[in-house]
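A.B. asks:
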């Protein structure tokens, strides 16, 4: 009954196609509810729409959940004001206008964080302060939904350069009479979304994540700056399909900005407690290629002809090197309180060559999520491992490397690396808990920008050269009233062996982060 009310409220009051941002904490709750078997698996294409999130949370409320989970689910539902009205728990936005066929709202949030870094493991040490203003400006006009998620940051104290490597930055350096140095950053995700039979069409700027990895996915991780894109999404009876074309920012080997694009499509199927997905992406530069706009073409076949349109005068065009096609498959199996998943990425494959030949480029990812391990209520244990070999994500033509600006489109660790992460989280009530984690990140000397030169070995090397090994031990305590206010304290200890790939060089560091947030 409650699920019917929520679904009706979504359709009657709000636009269900507006999306929940990728970094929203509600995804952690949904993961847990699916592992517990309270709700059915929803696939691995993110972000989810508000309508889908409300449907899943409403389904969970009708299931067997703990008192803490029930209270947290209700709190998340109250974030969606117009859905909550049907529950008799209305929430008002900071600014709101409603008409018969119109909705407009402003939903701002402010935050303050203090970050302390000490030790040679960090390139910049000291104390930095970050003031943030995050605003959602959204609504609907008829059946069309629109959203602008604006993030504005002011960093003072120590301006840590690694926190916002690709975002718009304006620096204010102290002059006579100025009290502080400061850096200003901005980022926006904005789009229009239109309903289609069993799906939607999105036009605008945003990010995508595909696959079961939670600490990074091999094909699309959503860890870059947002990109402008056109996206189709469909779903029907356990089947899901998504296709998009996006404009990236890239450059050639001389640092000259060049046109760069990314197209991709994904098909996934869900059978009870099992789900399976197959995906394909292609990066192409120096021209726009209409062939990749076809959402149902096979890039591996299409690329052979499409790459002939590369201008001969383009860097590497005379070499006949084509576009950069990547493919992946992933699967997830759900048992009682347990999820097991894996993903395989193939960047390039030559079946007549040895698996160790440098032209065979691939990545592997696997892990599990155990809810209530050993009967410990309201807790989660996650373990995830990922490996990307030496030349995966690279390309002979610099413009076709698998990155957007400076960050990888796939797994954030990049090429020639592996990562093992274990995390245990215990919640003591709705929105309150503590998390302990350990991570070991090993990085070879290769990178996305590294090319295979004429004199390099024909066989790729597992973590090439002198591998740098980072071990991170962290603890995070959090408290939040969902949709209202929150506080988080995180402490990380970092130890590095073979620092900066120098054999025997060691370093360590300590980072403390305190964050406060308040919804207006």
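Residue numbers (our numbering): 3 to 522.
Where a beta carbon is used, it is the ideal one built from N, C-alpha and C, also for glycine.
With which residues is residue 135 paired in a DSSP beta bridge?
C.D. replies: As a first step, residue 135 is located in the chain shown; it is residue number 133 there, counting from the start. Answer is 112 and 154, bridged to residue 135.
A.B. asks: Quick check: the stretch 397 to 416 against the stretch 245 to 261, are there 3 or more CB pairs under 8 Å?
C.D. replies: yes
A.B. asks: Taking three-plus beta-carbon pairs below 8 Å as touching, is the stretch 74 to 84 in contact with the stretch 422 to 434?
C.D. replies: With a cut-off of 8 Å on Cβ pairs, the stretch 74 to 84 is in contact with the stretch 422 to 434, counting three or more such pairs.
A.B. asks: Measure the Cβ-Cβ separation of residue 377 and residue 344 and say whether it is below 8 Å.
C.D. replies: Position 375 of the chain shown, counted from the first residue, corresponds to residue 377. Position 342 of the chain shown, counted from the first residue, corresponds to residue 344. Not closer than 8 Å, so no.
A.B. asks: Helix or strand or just coil, what does DSSP make of residue 304?
C.D. replies: Counting from one through the chain shown, the residue named residue 304 turns up at place 302. Helix.
A.B. asks: Cutting at 8 Å between CB atoms, please list the residues of its own chain near residue 122, excluding the five before and the five after it.
C.D. replies: Counting from 1 along the chain shown, the entry for residue 122 is found at position 120. Counting only Cβ-Cβ distances below 8 Å, and skipping sequence neighbours, we find 501, 509, 510 and 511.
A.B. asks: Quick one: what's got a C-beta closer than 8 Å to residue 2's C-beta in the same chain, skipping five residues either side?
C.D. replies: The question about residue 2 has no answer here: the residues shown for the chain are numbered 3 through 522.
A.B. asks: Quick one: give me the first and last residue of the beta strand (DSSP E) that residue 37 is part of.
C.D. replies: As a working note, residue 37 is residue 35 in the chain shown. Counting along the chain, residue 37 falls outside any beta strand (DSSP E), though it belongs to the alpha helix (DSSP H) covering 28 to 38.
A.B. asks: Please look up how many angstroms separate the CB atoms of residue 150 and residue 140, rounded, as I've assumed it's under 8 Å.
C.D. replies: Taking the first residue of the chain shown as position 1, residue 150 is located at position 148. Taking the first residue of the chain shown as position 1, residue 140 is located at position 138. Confirmed, about 7 Å.
A.B. asks: Near residue 311, what residues of its chain come up, given a Cβ to Cβ distance below 8 Å and the 5 sequence neighbours on each side ignored?
C.D. replies: Mapped onto the chain shown, residue 311 falls at position 309. Here the set comprises 289 and 291.
A.B. asks: Mark residue 221 as exposed unless 16 or more other C-beta atoms lie within 10 angstroms of its C-beta, in which case mark it buried.
C.D. replies: Position 219 of the chain shown, counted from the start, is the residue given in the question as residue 221. Classification of residue 221: buried, given that the 10 Å Cβ count is 16 or more.
A.B. asks: When you compare the stretch 481 to 493 with the stretch 454 to 470, are there three or more beta-carbon pairs, one atom per stretch, that lie closer than 8 Å?
C.D. replies: No: the two stretches stay apart, fewer than three of their Cβ pairs being nearer than 8 Å.
A.B. asks: Give the straight-line distance between the Cα atoms of residue 104 and residue 520, rounded to the nearest whole angstrom.
C.D. replies: Here residue 104 corresponds to residue number 102 of the chain shown, with the count starting at 1. Here residue 520 corresponds to residue number 518 of the chain shown, with the count starting at 1. Whole-angstrom Cα-Cα distance: 28 Å.
A.B. asks: Applying the criterion that 16 or more other CB atoms from any shown protein chain within 10 Å of the CB defines a buried residue, is residue 90 buried or exposed?
C.D. replies: In the chain shown, the residue the question calls residue 90 occupies position 88. Because the pLDDT of residue 90 is 48, which lies under 50, any placement of that residue in the model is unreliable, and the question is left without a value.
A.B. asks: Is the shortest distance between the beta-carbon of residue 413 and the beta-carbons of chain D less than 8 Å?
C.D. replies: Protein chains in the displayed structure number just one, and chain D is not present.
A.B. asks: Is the beta carbon of residue 415 less than 8 Å from the beta carbon of residue 242?
C.D. replies: Position 413 of the chain shown holds residue 415. Position 240 of the chain shown holds residue 242. Not closer than 8 Å, so no.
A.B. asks: Got a sec? Which residues, its chain only, sit under 6 Å from residue 236 by beta carbon, not counting five neighbours each side?
C.D. replies: Residue mapping note: residue 236 aligns to position 234 of the chain shown, counting from 1. Shown here for residue 236: same chain residues with a beta carbon closer than 6 Å to its own, the five before and five after excluded, namely 200, 201 and 243 in chain order.
A.B. asks: Going by the DSSP bridge assignment, what does residue 226 pair with across the sheet?
C.D. replies: By 1-based counting over the chain shown, the position of residue 226 is 224. Its beta-bridge partners do not exist; DSSP assigns none.
A.B. asks: Counting pairs of beta carbons, one from the stretch 104 to 114 and one from the stretch 159 to 178, are three or more of them closer than 8 Å?
C.D. replies: Segments in contact, no.
A.B. asks: To the nearest angstrom, how far is it from the Cα of residue 390 to the Cα of residue 144?
C.D. replies: Counted from its first residue, the chain shown places residue 390 at position 388. Counted from its first residue, the chain shown places residue 144 at position 142. Their backbone Cα atoms lie some 46 Å apart in a straight line.
A.B. asks: Taking the alpha carbon of residue 413 as the point to measure from, which residue in 375, 366 and 383 has its own alpha carbon closest?
C.D. replies: Locating residue 413 in the chain shown gives position 411, where the first residue counts as 1. Residue 413 has its Cα closest to that of 366, out of 375, 366 and 383.
A.B. asks: Can you tell me where the beta strand (DSSP E) holding residue 263 begins and where it ends?
C.D. replies: Translated into the one-based positions of the chain shown, residue 263 becomes position 261. First-last of the beta strand (DSSP E) with residue 263: 259 to 273.
A.B. asks: How about residue 19 and residue 68: are their beta carbons less than 8 Å apart?
C.D. replies: Residue 19 sits at position 17 when you count from the first residue of the chain shown. Residue 68 sits at position 66 when you count from the first residue of the chain shown. Cβ atoms of residue 19 and residue 68: not closer than 8 Å.
A.B. asks: By a C-beta neighbour count over all protein chains shown, 10 Å radius and 16 as the cutoff for buried, is residue 66 buried or exposed?
C.D. replies: As a position in the chain shown, residue 66 is number 64, starting the count at 1. Per the 10 Å Cβ criterion, exposed.
A.B. asks: Since I believe residue 79 is in contact with residue 100 (beta carbons under 8 Å), could you give me their beta-carbon distance rounded to a whole number of angstroms?
C.D. replies: Reading the chain shown from its first residue, position 98 is the one you call residue 100. Reading the chain shown from its first residue, position 77 is the one you call residue 79. Residue 100 to residue 79, Cβ: 19 Å. No contact.
A.B. asks: Determine which residues share a DSSP beta bridge with residue 436 and list them.
C.D. replies: Looking up residue 436 in the chain shown gives position 434. Paired residue(s): 428 and 479.
A.B. asks: In terms of DSSP beta bridges, what is residue 99 paired with?
C.D. replies: Taking the first residue of the chain shown as position 1, residue 99 is located at position 97. DSSP lists 106 as partners of residue 99.
A.B. asks: What did DSSP end up calling residue 519 once you bin it into helix, strand or coil?
C.D. replies: Taking the first residue of the chain shown as position 1, residue 519 is located at position 517. Reduced to three states, the DSSP call for residue 519 is strand.
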